[in-house]
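Engineer:
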Amino acid sequence: MGMEFELPQSRAIPITAENVRILESPSDFYQFLLERSRLARRRITLSTLYLGHGSLEQALVDAINTNLNQNKELQVSILLDCLRGTRDERKGKSSTTLLKGIADRALVYLFHTPKLAGLVKRILPERTNEIVGLQHMKLYIFDDTVLVSGANLSDSYFVDRQDRYVVFEDNKELADFFHNVVTAVGECSFLLNSDGSLKLHPACPVHPYEGSSHDFHAVLKSRVDKEVAKLQSKEPSSSSFGDTVLYPLLQMGLFGYHEEYELLKKLFSSEDANMRITLASGYFNCIDDYEQLIFSRGKYPMDIVTAAPKANGFFGAAGLSGYVPSMYSWYCRDGWTFHAKGLWVEEPLRTATLIGSSNFGYRSVHRDLEAQVLLVTSNEHLRSQLKDERTRLFDYASTLDGTALRRVDHHIPAVVRILSRFVRNFF
Numbered sequence: 001m002g003m004e005f006e007l008p009q010s011r012a013i014p015i016t017a018e019n020v021r022i023l024e025s026p027s028d029f030y031q032f033l034l035e036r037s038r039l040a041r042r043r044i045t046l047s048t049l050y051l052g053h054g055s056l057e058q059a060l061v062d063a064i065n066t067n068l069n070q071n072k073e074l075q076v077s078i079l080l081d082c083l084r085g086t087r088d089e090r091k092g093k094s095s096t097t098l099l100k101g102i103a104d105r106a107l108v109y110l111f112h113t114p115k116l117a118g119l120v121k122r123i124l125p126e127r128t129n130e131i132v133g134l135q136h137m138k139l140y141i142f143d144d145t146v147l148v149s150g151a152n153l154s155d156s157y158f159v160d161r162q163d164r165y166v167v168f169e170d171n172k173e174l175a176d177f178f179h180n181v182v183t184a185v186g187e188c189s190f191l192l193n194s195d196g197s198l199k200l201h202p203a204c205p206v207h208p209y210e211g212s213s214h215d216f217h218a219v220l221k222s223r224v225d226k227e228v229a230k231l232q233s234k235e236p237s238s239s240s241f242g243d244t245v246l247y248p249l250l251q252m253g254l255f256g257y258h259e260e261y262e263l264l265k266k267l268f269s270s271e272d273a274n275m276r277i278t279l280a281s282g283y284f285n286c287i288d289d290y291e292q293l294i295f296s297r298g299k300y301p302m303d304i305v306t307a308a309p310k311a312n313g314f315f316g317a318a319g320l321s322g323y324v325p326s327m328y329s330w331y332c333r334d335g336w337t338f339h340a341k342g343l344w345v346e347e348p349l350r351t352a353t354l355i356g357s358s359n360f361g362y363r364s365v366h367r368d369l370e371a372q373v374l375l376v377t378s379n380e381h382l383r384s385q386l387k388d389e390r391t392r393l394f395d396y397a398s399t400l401d402g403t404a405l406r407r408v409d410h411h412i413p414a415v416v417r418i419l420s421r422f423v424r425n426f427f
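Under the UniProt record's numbering, the first residue of the sequence shown is numbered 1, with each subsequent residue one higher.
(1) Hey, out of 291, 380 and 280, whose CA is closest to residue 397's CA?
(2) On the CB-based measure, 16 or more other CB atoms within 10 Å of its CB, does residue 122 come out buried or exposed?
(3) Give the single residue among 105, 363, 357 and 366 whose Cα lies nearest to the Cα of residue 374.
(4) Does DSSP put residue 230 in a helix, in a strand, or in coil?
(5) Below 6 Å CB to CB, which residues in the same chain sit around residue 196 once its five sequence neighbours on both sides are set aside?
(6) Measure the Cβ-Cβ separation of residue 154 and residue 163 and say whether it is below 9 Å.
(7) Please report the distance separating the alpha-carbon of residue 186 from that of residue 201.
(8) What residues in its chain sit with their C-beta under 6 Å from that of residue 216, if we drop five residues either side in the sequence?
(9) What do you get for residue 133, buried or exposed, if any count of 16 or more other CB atoms within 10 angstroms of its CB means buried?
(10) Name the two residues that bound the continuous beta strand (DSSP E) containing residue 342.
(11) Taking the C-alpha atoms as reference points, what is the distance between residue 142 and residue 40?
(12) Would you give the residue range spanned by the alpha helix (DSSP H) that residue 293 belongs to?
(13) Identify, in the order they occur along the chain, each residue of the same chain with its Cβ nearer than 8 Å to the Cβ of residue 184, setting aside the five sequence neighbours on each side.
(14) What alpha helix (DSSP H) runs, 4 residues minimum, are completely inside the stretch 172 to 200?
(15) Across which residues does DSSP place residue 247 in a beta bridge pair?
(16) Among the candidates 391, 160 and 251, whose CA atom is the shortest distance from the CA of residue 334?
(17) Could you tell me how far apart the beta carbons of residue 26 and residue 157 are, in whole angstroms, since I believe they sit closer than 8 Å?
(18) How is residue 29 classed by DSSP in three states: helix, strand or coil?
(19) With contact counted as at least three CB pairs below 8 Å, one residue from each stretch, are the stretch 51 to 65 and the stretch 168 to 180 in contact?
(20) Can you have a look at residue 273 and say buried or exposed, based on whether 16 or more other CB atoms are within 10 angstroms of its CB?
(21) Based on DSSP bridge pairs, tell me the residues matched to residue 76.
(22) Under 8 Å, with one C-beta from each stretch per pair, do the stretch 385 to 393 and the stretch 31 to 38 reach the 3-pair mark?
(23) DSSP puts residue 360 in a beta bridge; with which residues?
(24) Grouping DSSP H, G and I as helix and E and B as strand, with all else coil, what is residue 320?
(25) Just mark residue 66 as buried or exposed, buried being the case when its beta carbon has 16 or more other beta carbons within 10 Å.
(26) Can you tell me where the alpha helix (DSSP H) with residue 63 in it begins and where it stops?
(27) I'd like the span of the alpha helix (DSSP H) that includes residue 394, first residue to last.
(28) Please give me, in chain order, every unbroken run of the alpha helix (DSSP H) with length at least 4 that falls completely inside the stretch 115 to 178.
(29) From the DSSP output, which residues share a beta bridge with residue 252?
(30) Provide the residue span of the beta strand (DSSP E) that contains residue 276, from first to last.
(31) State the Cα-Cα distance for the pair residue 188 and residue 349, rounded to the nearest angstrom.
(32) Please name the residue in 268, 105 and 288 whose C-alpha comes closest to that of residue 302.
(33) Using the three-state DSSP reduction, which class does residue 225 fall into: helix, strand or coil?
(34) Count the other C-beta atoms from every protein chain shown that fall within 10 angstroms of the C-beta of residue 212, then say buried if there are 16 or more, exposed otherwise.
(35) Reducing DSSP to helix, strand and coil, say where residue 103 ends up.
(36) Taking three-plus beta-carbon pairs below 8 Å as touching, is the stretch 65 to 81 in contact with the stretch 14 to 23?
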């Protein structure tokens with residue numbers, strides 16, 4: 001079968017391999033964001049789960065603010081999750097606390113899942129309510145350059161939380177598509193006012209949790225459908241394709257988009273022994289469909305890298321979150337946490353990688369809004385860069401074998417084993 005993803009050619013976007021850049025570290029990620037926030041001339045579009053409230057985040061907002069003041073042509077759009085973006089607002093430490101200062105000149109959208117409504121919304125406390133569903137796309141667009149990542153805009157992701165960061169320079173088609181998707185979701189969200197209050201976007205005819213869930217789904221889906229159709233309506237031209245191509249993908253199970261899910265089912269069904277797959281996730285919780293295909297159909301060698309308990313961002317957290325690291329293994333770098341996600345597919349003549357926000361778990365498939373880019377290349381220099389990126393993740397990894405599983409620090413408490421059966425659909 002090989003690397004046959006069966007994606008429509010109309011979805012493919014050609015790119016010059018030299019315009020693909022892989023950033024290595026959290027500090028590289030932060031410096032890129034800071035520099036491009038200062039230099040962007042036409043648009044800045046940021047989609048993330050949340051923005052932190054420390055000095056690094058303040059400097060990033062200040063850079064955007066200064067650019068807005070100096071450049072009247074600049075358009076800024078920022079999409080956050082409403083639940084995560086307003087967490088701790090009463091303590092003055094939420095995403096909206098920092099962003100309200102530019103809300104009079106920028107569009108700050110806060111998406112609220114329609115799944116959290118009625119009695120469930122009233123009884124679930126802050127933080128716990130985020131298990132229902134989130135806006136999880138991580139897209140950072142500056143003019144026609146797109147950085148796709150799994151990282152959020154928070155200090156740990158700028159310092160010591162390892163993720164992936166792939167930059168696609170000067171690609172208007174990709175930038176326009178993701179900008180338009182962010183706008184489509186944003187126009188079905190709340191808008192931040194300069195006083196910190198929220199109002200429903202005037203273009204949204206249905207309230208996400210007080211109105212009809214069916215109608216809200218229909219409105220948002222129709223708007224995303226329009227952008228996907230616009231991308232796919234272009235005339236395919238095989239002559240314009242070189243050795244590297246991109247496929248932007250959406251995974252919004254709640255709204256009928258299962259593009260990553262369908263792609264991975266095909267990939268994991270492969271019987272090609274010449275293909276090698278590497279899968280990475282900070283919270284490895286593969287859905288049953290994937291597991292069954294990998295173990296019953298797949299003939300390829302496969303490596304998996306995930307966070308060791310102390311490298312998981314939930315380590316030491318209060319409440320249920322504190323148990324999450326006990327279920328996963330095994331990347332460990334002293335003082336760092338692990339949040340990298342994606343996969344690499346290597347063949348003798350081609351390499352593909354999937355970059356974006358998905359962790360390949362139940363919530364990524366069914367609950368959250370996710371965005372990915374599938375990059376396929378036969379360019380030897382870019383293939384080498386992708387191999388180096390993959391190898392770096394294993395520099396701080398150790399093999400999880402029977403001996404490691406018997407260690408005391410990897411003992412999984414009985415309560416966690418029982419609990420995992422009930423809560424795995426939320427991770």
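Backbone N, C-alpha and C define an ideal beta-carbon position, used for all residues, glycine too.
Structural biologist: So, from the data block:
(1) Walking along the sequence shown from the start, residue 397 turns up at place 397. Nearest option by C-alpha distance: 280.
(2) Numbered from its first residue, the sequence shown carries residue 122 at position 122. Looking at its Cβ environment, which holds fewer than 16 other Cβ atoms inside 10 Å, residue 122 is exposed.
(3) Translated into positions along the sequence shown, residue 374 becomes position 374. That would be 357, whose Cα lies nearest to the Cα of residue 374.
(4) The sequence position of residue 230 within the sequence shown is 230, counting from 1. Helix at residue 230.
(5) Here residue 196 refers to the residue found at position 196 when the sequence shown is read from its first residue. The residues are 96 and 100.
(6) Within the sequence shown, residue 154 is the residue found at index 154, counting from 1. Within the sequence shown, residue 163 is the residue found at index 163, counting from 1. Result no, Cβ atoms of residue 154 and residue 163 do not sit closer than 9 Å.
(7) Within the sequence shown, numbered from 1, the residue matching residue 186 stands at position 186. Within the sequence shown, numbered from 1, the residue matching residue 201 stands at position 201. In a straight line, the C-alpha of residue 186 is about 8 Å away from that of residue 201.
(8) Within the sequence shown, residue 216 is the residue found at index 216, counting from 1. The answer, listed in chain order, is 114, 206 and 208.
(9) As a working mapping, residue 133 is identified with position 133 in the sequence shown. When all chains shown are included, residue 133 counts as buried.
(10) Your numbering for residue 342 matches position 342 in the sequence shown. Per DSSP, residue 342 belongs to the beta strand (DSSP E) from 342 to 346.
(11) On the sequence shown, residue 142 is found 142 positions in, with the first residue counted as 1. On the sequence shown, residue 40 is found 40 positions in, with the first residue counted as 1. Approximately 6 Å between the Cα atoms of the pair.
(12) By 1-based counting over the sequence shown, the position of residue 293 is 293. Taken as a continuous stretch (DSSP letters only), the alpha helix (DSSP H) holding residue 293 covers 288 to 296.
(13) As a position in the sequence shown, residue 184 is number 184, starting the count at 1. In the same chain as residue 184, and ignoring 5 residues on each side of it, the C-beta atoms closer than 8 Å to its own belong to 220, 223, 224, 226 and 227, in chain order.
(14) 172 to 186
(15) For this step, residue 247 is matched to residue 247 along the sequence shown. Beta-bridge pairing links residue 247 to 374.
(16) Here residue 334 refers to the residue found at position 334 of the sequence shown. Of the candidates 391, 160 and 251, the one whose C-alpha sits nearest the C-alpha of residue 334 is 160.
(17) Reading the sequence shown from its first residue, position 26 is the one you call residue 26. Reading the sequence shown from its first residue, position 157 is the one you call residue 157. About 6 Å; that satisfies the 8 Å criterion.
(18) Taking the sequence shown and counting its residues from 1, the one referred to as residue 29 is at position 29. Correct three-state label for residue 29: helix.
(19) The stretch 51 to 65, when compared against the stretch 168 to 180, does not touch it at the 8 Å Cβ threshold.
(20) Here residue 273 is taken as the residue at index 273 of the sequence shown, counted from 1. Label assigned to residue 273: exposed.
(21) Start at 1 with the first residue of the sequence shown, and residue 76 comes out as number 76. Note: residue 76 sits in a beta bridge opposite 44.
(22) no
(23) Taking the first residue of the sequence shown as 1, we reach residue 360 at position 360. Residue 360 pairs with nothing; no bridge assigned.
(24) Locating residue 320 in the sequence shown gives position 320, where the first residue counts as 1. With a pLDDT of 41 at residue 320, under the threshold of 50, the predicted position of this residue should be treated as unreliable, though the coordinate-derived value follows. When secondary structure is reduced to three states using DSSP, residue 320 falls in the helix class.
(25) Numbered from 1 along the sequence shown, position 66 holds the residue referred to as residue 66. Exposed, since its Cβ has fewer than 16 Cβ neighbours within 10 Å.
(26) Along the sequence shown, read from residue 1 onward, the residue named residue 63 stands at position 63. Segment 55 to 70, the alpha helix (DSSP H) holding residue 63.
(27) Taking the first residue of the sequence shown as 1, we reach residue 394 at position 394. 380 to 394 is the extent of the alpha helix (DSSP H) around residue 394.
(28) DSSP runs (the alpha helix (DSSP H)) wholly in the stretch 115 to 178: 118 to 123 and 155 to 159.
(29) Along the sequence shown, read from residue 1 onward, the residue named residue 252 stands at position 252. For residue 252, which the question treats as bridged, DSSP gives the partners 257.
(30) Walking along the sequence shown from the start, residue 276 turns up at place 276. Residue 276 -> beta strand (DSSP E) spans 276 to 281.
(31) Sequence index remark: in the sequence shown, residue 188 carries index 188 (1-based). Sequence index remark: in the sequence shown, residue 349 carries index 349 (1-based). Computed Cα separation, rounded: 43 Å.
(32) Residue mapping note: residue 302 aligns to position 302 of the sequence shown, counting from 1. Shortest Cα-Cα distance from residue 302 to any of 268, 105 and 288 involves 268.
(33) Sequence index remark: in the sequence shown, residue 225 carries index 225 (1-based). Residue 225: helix per DSSP, three-state reduction.
(34) In the sequence shown, counting from the first residue as 1, residue 212 sits at position 212. Counting Cβ neighbours within 10 Å, residue 212 comes out exposed, since fewer than 16 surround it.
(35) Start at 1 with the first residue of the sequence shown, and residue 103 comes out as number 103. Note: residue 103 maps to coil in three-state DSSP.
(36) no
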